[in-house]
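Structure, as structure tokens:
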Amino acid sequence: MQHLDEGTIHAWLDGALSADEALGVERHAAECASCASMVAEARGLIAGASRIVSALDVTRGGVIPNRPAGSSGRAGSVSVWQRLRFTPARAAIAATLIVAVGSMLTVRNAADERGTMAPAADKLVMQPAVVNVAAPTPAAAPPVQARTVSAPASRPAASKADVAEGTRPARELAGSTLDALKKTAAPQEAARQPEARDVAAAPPVSRVADSVVSAERARAAMGGGARGGGRGGRGVNDRVLQLQEAVVTSAATGRVDSARVDSARRATANAPAGLAAGGAFASARRERAGTPTVVVCYSIASPLPAWASHIPPRFALDPMRASDTSATRLVIRRVTAEGKTDGPIPGSWWQPLGADTLPVLMTWADGASRAPVTLTVTLDAPSRRLIATLRESVRTEPVSLSFAPCQP
Amino acid sequence: MNDVERLFRSYHEPLVRYLTRRLGDRDWAEEVAQETFVRALKQESIVSERAWLFAVATNLVRDEARRDARRRRHLELLREQAKADDIVEPEPLTIERAEEAALARKALEALGERDREALLMREEGLDYTEIASALELSVASVGTTLSRARRRLVEAYEALQGVGAGGRRGGSHAAS
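Sequences listed follow chains Z and L, in order.
Counting along the first sequence from 1, when you hit position 285 you're at 290 in our numbering, and nothing is skipped either side.
Counting along the second sequence from 1, when you hit position 162 you're at 163 in our numbering, and nothing is skipped either side.
Set out below in structure tokens:
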């Protein structure tokens, strides 16, 4: 047999030769001193190269500097919020104004509908409103997305007032803003609705609350609640998903189909069960450099493992490119306690994994040496539920993720 | 478990490690790895998943290196800025380990591109068939490629060590 060449020796040591070839090489190496020496040298080279390659693993990550909270993500720039000195107190005042304007619109809307819906009111008000986004029943809406805090599994029996009003489902679906207002106006009712606590900063505007509650009662008495209950659950879901799809598609294609987004938003705004009231899902559309963008907000309901504790419980996906990286990284924003989107979260980004819809992949780095935590979100088509999985190296952890209310 | 999860779970970590070793920047490696998975999802079917993923990642790195040197400079600037901004140090590197890593990086960069990629893929556990497929080589030539890469890497590393040690000796002598 000819002497062994170096490539063959390495292939043999790497286990890449067939059994026959390996046997031949082994026999020759046992008999030939020079080849045995080459084999020994090759072993040394393999081990040495491996050690050198391993030394590369101390490469540092996190080269992008951490920025102060609320920064816009651009180096050296100052957040709009910081520039406007947007304090929590001012945010509360602004929220009050928004609620007041919203209430007026709701009252007007109710008044407009009264003329057309009144004949069916008696009939509809007695129908059991099936959909409860917060606590779905098997016959009704899937447990989607809608609430950051789910309602108790067993609810107390509806009070006489509730039955008489026929409004409870409608009010639930009308969202957390309304619930928060009711919390002030009717503490007992608010106590039965834990989701109202989400809107912690609701101001004591009992008069506004009264008017909103009255308007909502009127609306429900005219069938609004029944309408919402009858088809709201799945429909609302679909609209949310439609909007989500539009957002993700726009991110994936690098553009925003305004018509599609508008259509989805109109559908969402017209959702009878109160998406427009800000309860289940709120989206923000802003003009940024002439490009409309839509933000989708999420809330993590389950406790996070320690290795993922740097992920905030609420955050927003913005299809805007992260300014200091490539097109594949899109911005993840903070969501404040008031439910408003804020500056980008340093070290985090997201990207759509599919061509036009979920799943999406989020990456969360905490600036430490460990590998970033990723969060994949997919959609379980049959149940229309979000499935979210945290992952860090070999560790995985499912988390309960839902859409959350937020505002621009 | 769907395809996305399975692919991600099986190959994300080795791919990122391969790319980090290749690029010397974990963030960049993560980014390229994600782009690789995005492309994998758009693929109807993949015969050899690992070889395919490593090949695509390698091509992405090559393409990017060719057409976007500017971004690399930007990353360098960011890295400098990160130092200036007093970022949280990812891990407390000892001076020796940092020097060793720098030498390893230099030695690796002394290799030809194909040798370097073959070596890094082999270190990630790809077999000769997968390496051949990813780098469009014949299987028979992989052994030769790897033996050359390993020898050159070790020689380059030792040479750099000698220079470093000589430099340090010279420095200390000068200082004394």
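Glycine included, C-beta positions come from ideal geometry on N, C-alpha and C.
Tell me whether residue i sits in a helix, a strand or coil according to DSSP, three-state version.
| i | result |
| --- | --- |
| Ala16/Z | helix |
| Gly352/Z | coil |
| Arg326/Z | strand |
| Gln44/L | coil |
| Ser139/L | coil |
| Cys411/Z | coil |
| Thr92/Z | coil |
| Arg212/Z | In this prediction, Arg212/Z has a pLDDT of 40, which is less than 50 and means its spatial position is unreliable; nothing more can be read from the coordinates. |
| Ala157/L | helix |
| Cys302/Z | strand |
| Ala370/Z | coil |
| Ala415/Z | Since the displayed chain Z opens at 6 and closes at 413, residue 415/Z lies outside it and no answer follows. |
| Val106/Z | helix |
| Asp116/L | helix |
| Gly144/L | helix |
| Ser55/Z | helix |
| Gln150/Z | At Gln150/Z the pLDDT is 39, less than 50, meaning the model places this residue with poor confidence and gives no usable figure here. |
| Ser11/L | helix |
| Gly163/L | helix |
| Gly25/L | coil |
| Ala21/Z | coil |
| Ala105/L | helix |
| Ala60/Z | helix |
| Ala41/Z | helix |
Who are residue i's beta bridge partners in DSSP?
| i | result |
| --- | --- |
| Trp312/Z | In DSSP, Trp312/Z forms no bridge with anything. |
| Ala393/Z | Val382/Z, Val404/Z |
| Asp10/Z | Note: Asp10/Z sits in no beta bridge, so no partner. |
| Leu335/Z | Arg326/Z, Trp355/Z |
| Thr346/Z | Val340/Z |
| Tyr129/L | Answer by DSSP bridge pairing: none, since Tyr129/L is not bridged. |
| Val365/Z | Pro357/Z, Val382/Z |
Give me, in chain order, the residues of the same chain whose beta-carbon lies closer than 7 Å to that of residue i; leave out the 5 immediate sequence neighbours on both sides.
| i | result |
| --- | --- |
| Ser11/L | none |
| Met43/Z | Leu9, Glu11, Ile14 |
| Pro73/Z | Low confidence applies to Pro73/Z: its pLDDT is 44, below 50, so where it sits in the model is not reliable, and the reading given next is rough at best. The answer is none, since no qualifying residue turns up. |
| Arg27/L | Thr21 |
| Asp61/L | Note that residue 61/L corresponds to Leu in the displayed sequence, not to Asp. Around Leu61/L: Val33, Glu36, Thr37. |
Look at the Cβ atom of residue i, then the Cβ atom of residue j, and state whether they are nearer than 8 Å.
| i | j | result |
| --- | --- | --- |
| Gly12/Z | Thr145/L | yes |
| Ser49/L | Glu131/L | yes |
| Ala386/Z | Pro377/Z | no |
| Leu154/L | Ala108/L | yes |
| Ala102/L | Leu61/Z | yes |
| Thr346/Z | Pro410/Z | no |
| Leu322/Z | Val404/Z | no |
| Phe38/L | Leu358/Z | yes |
| Gln35/L | Gln356/Z | yes |
| Ser304/Z | Arg319/Z | yes |
| Arg151/L | Ala54/Z | yes |
| Thr379/Z | Thr368/Z | yes |
| Ala66/L | Val33/L | no |
| Pro364/Z | Val164/L | no |
| Leu8/L | Ala41/L | yes |
| Leu18/Z | Ala52/Z | no |
Which residues in the same chain as residue i place their Cβ atom closer than 6 Å to its Cβ, once the five residues preceding and following it in sequence are excluded?
| i | result |
| --- | --- |
| Pro39/Z | For the record, residue 39/Z in the displayed sequence is Ser; it is not Pro. Around Ser39/Z: no qualifying Cβ. |
| Ala135/L | Ala52, Phe55, Ala56 |
| Ile392/Z | Thr383, Asp385 |
| Tyr129/L | Val140, Val143 |
| Ala34/Z | Cys40, Ala41, Val44 |
| Glu402/Z | Pro310, Leu395 |
| Ala96/Z | Glu343 |
Might you give, ordered along the chain, the residues of its own chain that have their beta carbon closer than 8 Å to the beta carbon of residue i, omitting 5 neighbours on each side?
| i | result |
| --- | --- |
| Arg106/L | Gly25 |
| Arg326/Z | Ala332, Arg334, Leu335, Val336 |
| Arg178/L | This structure leaves residue 178/L out entirely; chain L is present only between 2 and 177. |
| Gln44/L | Trp53 |
| Leu127/L | Arg51, Ala52, Phe55, Ala135 |
| Leu104/L | Tyr158, Leu161, Gln162, Gly165 |
| Ala119/L | Ile132, Leu136, Leu138, Val143, Thr146, Leu147, Ala150 |
Name, please, each residue of chain B whose Cβ falls closer than 7 Å to the Cβ of residue i.
| i | result |
| --- | --- |
| Ser55/Z | Among the protein chains of the structure shown, namely Z and L, there is no chain B. |
Validate contact between the stretch 7-23 of chain L and the stretch 333-341 of chain Z using beta carbons, cut 8 Å, 3 pairs: no
Inter-stretch contact (C-beta, 8 Å, three-pair minimum) for the stretch 396-412 of chain Z and the stretch 28-36 of chain Z: no
Three-pair Cβ contact test at 8 Å for the stretch 116-130 of chain L versus the stretch 139-156 of chain L: yes
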